[in-house]
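Student:
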Amino acid sequence: MPGAMRGIPAAAPSAPRAPSFDQCLAASLFALLALLPLLSHGIASSYSLLVGERAVIFAIAALSLELLIGAGGLVSFGHAAFLGIGAYAAGIAASHGLGTLCLALPAALAASAVFALATGAIAVRTRGVYFIMITLAFAQMAFFIATSLAPYGGDDGLTWPTRTMVLGRPILKDQLTFFYVCLALLVATYLGVSRLIASRFGRVLRGLKDNETRMQAIGFTPYLYRLTAYVIAGTLCGLAGFLLGNQAEFVSPAYMHWQRSGELIIMVLLGGTGTLYGPMLGALAFLLLEEALSRLTEHWKVILGPALVLTALFASGGIAGAIAACRRRRAAPRVPVTLPRLVHHLLDAGLEPARSWRRAIRRRLLRPAHLFKRGAHRARAACEPATLALGRGLQALPSLAERGLKTSVERWWRR
Amino acid sequence: MSASLFVVQLFNGLQLGILLFLVAAGLTLVFGVMDFINLAHGVQYMLGAYLAVMAYGITGTFFLSVLLALLASLLFGLLLELLVFRHLYGRDHLEQVLATFGIIMLLNQGVKLLWGAAPLNMPIPDLLSGSVPLLEGLRYPVYRFAIIAAGVLVAAGLYLFVTSTRLGMLVRAGATNAAMVSALGVDIKRLFTVVFGFGAMLAGFAGVMVAPILSVEPGMGDQILILAFVVIVIGGIGSIRGAFLAAVLVGVIDTLGRSFMTDVLRLVLAPTTARVIGPALASMSIYLLMAIVLAIRPAGLFPAKGRA
């Protein structure tokens, strides 16, 4: 795409900066995970390592989905297909005695990439809900193909003869090694995806999510960028599938079930899109919740279900959103509680009769939010003239920005 | 591939299509009018079946229990709308997916908790049991005919309701441009509630109808939910007419594919290959259909006009 390269100047090489809060958070998450084998002792250790491995593998999958949802605005409801494809490709290779790292891993990645390219070529043409549905359709097709693979287990799934061999030795068989390999791959995926999102490609992708028309107007082809993102995300999820298959030494069509795709979306949302640590935390939280609740009661879904509903209703940004809100609150200057202000608030709340029980309950439960909303309303009314002027300024801003962009592009072009 | 088997499967396909329509009609309205992705629509179908079984256990008469189950599904739909869905209109689709996925989890497990994981059954009423001769030497169960008839009646009623009543006009207007309807002074929230309750009742009705012929078990709504989504995407979101045609199309293609795909493939492929590929291709056929339809007409067969 050399033609489109002209659109946005490449990112200026920046001096090494202090790591951002997000990066620190991700780094401490990795450090915690790395300490997991040391923290757990005795009989529980191998079990907690198993859970840890699963969490790390699903964090890779969630990261790859975040690349689509968070950066590309493409909600794929068929992402689990890549988990299955990666695991099947490596498993089939292993069942033919080709289960070595330099064969099985490329096979898994290539199979996922080819599937992503073939299905993405059609899916990426659609938008919004239609994209959700068409990715689901392709995942269902992959699911049914897997159930019909009679030589490779069909419905019952395929048991791998062995884990993938490294240089002819069963290095991955050792649980501790496998855990650290998974963790290293997670770190690598994190670094790769964060570089990708920060790169020119990632900025174009985010620009397409925000305003496709404008990006087209300055010379980008949305289709190619979205398709590339889809293929990269699919390949990364294929890597997660490869690891998942290795961990279980088994693969079945259930890996690709649509509910698994749904769970991947839930992980990303629970963690919060827009950040990279969010989806990783989401995957961790989802699996740990599942683990802890299922130990509590076999009907753990009765607890997790409402928890998801409450998350959607009251904490729409997920974990990352909650963390960001916390930081914002801390960063914001505190409004001192003075007597007149307090009296004003109390009068305000007391004077207005409860119109209905619903309202009353909501006010009692969500009092701070309620007061805040009302305060904001008043403030807005008070600063009406100022906001109007600001609004006019903001309206003019895009054209100004466009003009600025144009001149900078022209200048760059002339150079 | 005998002709009589073909006719029987055609009717089975029609019956599946009618059921799909009942589920998809509510889904497409909720989706079209409110722009709300309701993944929990499938569990409402499941709940309809469970409520019918429970009502049958209490009353002992089929028709009374159908009535009770319908009423209960309507109430339950309204309750869900009031508690959860109402607060999610206009939000990001992703949050709607999160919340409704949570409801699927809750209700699937909830019915397991209340009624146990074992499949339940409900007897076919005497009035509708037995079978009628269709062709020579070919009989078809009355109850399945009753399902088709009831579905067609509901479809006709729905069509009349949507095309020639004031409320139906508002529904159509809402599907085209909800903001404009609201700006013209219609209480859009009440309209949403009505549409939602009605959609839940239709899904519940489909569940009630299948209770005597399928086993009533947790998770029975999940498969039908995916099929219903396929139907509304093929038919065009927000379009009742599209949902009806697509439902019948999907039902017939799915049923015929499952019964005859292997035989058809055997004409061109080696028998062993056909036996492997046939079932997979049959299960995939409707998704293939959807992919083809979306590739040619990205907004479905009958898009509700004016949607961006």
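From first to last, the protein sequence lines stand for chains U and A.
The opening residue of the first sequence carries number 1 in this note's numbering; numbering runs sequentially from there.
The opening residue of the second sequence carries number 1001 in this note's numbering; numbering runs sequentially from there.
Positions of the beta carbon are idealized from the N, C-alpha and C atoms, including for glycine.
Does the Cβ-Cβ distance between U/Leu-183 and U/Phe-58 come in under 9 Å?
Tutor: Going by C-beta atoms, U/Leu-183 is not nearer than 9 Å to U/Phe-58.
Student: Name, please, each residue of chain A whose Cβ falls closer than 8 Å to the Cβ of U/Arg-260.
Tutor: Chain A residues near U/Arg-260: none, gap ~12 Å exceeds 8 Å.
Student: Please tell me whether A/Met-1290 and A/Gly-1278 are closer than 9 Å, where the distance is taken between their beta carbons.
Tutor: The answer is no: Cβ separation not under 9 Å.
Student: When you compare the CB of A/Ile-1240 with every CB in chain U, is at least one pair closer than 9 Å?
Tutor: No, no contact with chain U.
Student: Okay, do the stretch 98–111 of chain U and the stretch 223–230 of chain U touch, 3+ Cβ pairs below 8 Å being the bar?
Tutor: In short, these stretches do not touch, since the Cβ pair count stays below three.
Student: Closest to U/Leu-281 by CA distance: which of U/Met-267, U/Leu-224, U/Phe-82 is it?
Tutor: For the residues U/Met-267, U/Leu-224, U/Phe-82, the minimum Cα distance to U/Leu-281 belongs to U/Met-267.
Student: Contact criterion: CB-CB distance below 9 Å. Does A/Asp-1263 meet it with respect to chain U?
Tutor: No, its Cβ sits nowhere closer than 9 Å to a Cβ of chain U.
Student: Please return the same chain residues whose Cβ sits closer than 6 Å to the Cβ of A/Gly-1221, not counting the five positions on each side in sequence.
Tutor: Cβ neighbours of A/Gly-1221 beyond the five flanking positions: Gly-1042, Val-1043, Tyr-1045, Met-1046.
Student: So A/Tyr-1287 contacts chain U; which residues on that side make the cut at Cβ distance below 7 Å?
Tutor: By Cβ distance, chain U contributes Ala-137, Gln-140, Met-141.
Student: Would you say U/Ala-80 and U/Glu-263 are within 9 Å of each other, going by their C-beta atoms?
Tutor: The answer is yes: Cβ separation under 9 Å.
Student: Using 8 Å as the cut-off, can you tell me whether the stretch 1055–1068 of chain A makes contact with the stretch 1242–1260 of chain A, which would need three or more C-beta pairs spanning the two stretches below that distance?
Tutor: With the cut-off at 8 Å, the stretch 1055–1068 of chain A and the stretch 1242–1260 of chain A do not touch.
Student: State the start and end residues of the unbroken beta strand (DSSP E) segment that holds A/Tyr-1140.
Tutor: Start and end: 1138–1141.
Student: Could you list the residues in the stretch 1089–1111 of chain A with a C-beta less than 9 Å from some C-beta on chain U, going in chain order?
Tutor: Answer in chain order: Arg-1091, Asp-1092, His-1093, Leu-1094, Glu-1095, Gln-1096, Val-1097, Leu-1098, Ala-1099, Thr-1100, Phe-1101, Gly-1102, Ile-1103, Ile-1104, Met-1105, Leu-1106, Leu-1107, Asn-1108, Gln-1109, Gly-1110.
Student: Looking only at its own chain, which residues have a Cβ that is under 7 Å from the Cβ of A/Leu-1016, when we skip the five neighbours before and after it?
Tutor: The answer, listed in chain order, is Gly-1251, Asp-1254, Thr-1255.
Student: Does any C-beta atom of chain U lie closer than 9 Å to the C-beta of A/Pro-1279?
Tutor: It does: the Cβ of A/Pro-1279 has a partner Cβ on chain U nearer than 9 Å.
Student: Going along the chain, which residues of its own chain have a beta-carbon closer than 7 Å to the beta-carbon of A/Leu-1225, five neighbours each way excluded?
Tutor: If we look at A/Leu-1225 and ignore the five residues flanking it on each side, its Cβ neighbours are Leu-1039, His-1041, Gly-1042.
Student: Per DSSP, A/Ser-1131 forms a beta bridge with which residues?
Tutor: Answer by DSSP bridge pairing, in chain order: A/Pro-1141.
Student: Do you know offhand how far A/Arg-1266's Cα is from A/Ala-1274's?
Tutor: Each residue's Cα considered, the two are about 5 Å apart.
Student: Distance, Cα to Cα, U/Leu-196 vs U/His-377?
Tutor: For U/Leu-196 and U/His-377, the distance between alpha carbons rounds to 41 Å.
Student: Could you name the residues of the same chain whose beta carbon sits closer than 7 Å to that of A/Phe-1244, not counting the 5 residues immediately before and after it, in chain order?
Tutor: Within the same chain, A/Phe-1244 has close Cβ partners Phe-1021, Ala-1155.
Student: Give the secondary structure of A/Leu-1113 by DSSP, where H, G and I count as helix, E and B as strand, and everything else as coil.
Tutor: Residue state, collapsed to three classes: helix.
Student: Starting from A/Ser-1283, find everything on chain U with Cβ-Cβ shorter than 7 Å and list it in chain order.
Tutor: What A/Ser-1283 touches in chain U: Phe-144.
Student: Can you tell me the Cα-Cα spacing of A/Glu-1095 and U/Thr-135, whole angstroms?
Tutor: Each residue's Cα considered, the two are about 19 Å apart.
Student: What is the DSSP secondary structure of A/Thr-1059, reduced to helix, strand or coil?
Tutor: Three-state result, A/Thr-1059: helix.
Student: List, from N- to C-terminal side, the alpha helix (DSSP H) runs of 4 residues or more that fit wholly inside the stretch 1189–1222 of chain A.
Tutor: Runs of the alpha helix (DSSP H) inside the stretch 1189–1222 of chain A: none found.
Student: Would a C-beta distance cut-off of 9 Å place U/Ile-85 and U/Gly-238 closer than the cut-off?
Tutor: Their beta carbons are under 9 Å apart, which means U/Ile-85 touches U/Gly-238 by this criterion.
Student: Could you pull out every residue in the same chain whose Cβ sits closer than 8 Å to the Cβ of A/Asp-1187, ignoring the five residues on either side in sequence?
Tutor: Same-chain partners within the cutoff: there are none.
Student: Run through chain U and tell me which residues come within less than 9 Å of A/Leu-1294, C-beta to C-beta.
Tutor: The contacting residues are Ile-122, Ala-123, Arg-125, Thr-126, Tyr-130, Met-133, Ile-134, Ala-137.
Student: Taking contact to mean 3 or more Cβ pairs, one atom from each stretch, closer than 8 Å, check whether the stretch 86–97 of chain U and the stretch 183–192 of chain U are in contact.
Tutor: Short answer: they don't touch.
Student: Grab me the residues of U/Val-56's own chain with a C-beta within less than 7 Å of its C-beta, minus the 5 sequence neighbours each way, in chain order.
Tutor: Correct list, in chain order: Leu-33, Cys-182, Leu-183, Leu-186.
Student: Counting beta carbon pairs with one atom in the stretch 1100–1108 of chain A and one in the stretch 309–320 of chain U, are three or more of them shorter than 8 Å?
Tutor: Flag = yes, the stretch 309–320 of chain U and the stretch 1100–1108 of chain A touch.
Student: Helix, strand or coil: how does DSSP classify U/Leu-185 here?
Tutor: Correct three-state label for U/Leu-185: helix.
Student: Alpha carbon to alpha carbon, what distance is there between U/Gly-234 and U/Ala-324?
Tutor: Straight-line Cα distance between these residues: approximately 29 Å.
Student: Where U/Met-381 and U/Ala-389 are concerned, what is the direct C-alpha to C-alpha distance, given to the nearest angstrom?
Tutor: The question names Met, but residue 381 of chain U is Ala in the sequence shown. Computed Cα separation, rounded: 14 Å.
Student: Specify the secondary structure class of U/Thr-159 as computed by DSSP and reduced to three states.
Tutor: In the structure shown, U/Thr-159 sits in a strand (DSSP, three-state: E or B).
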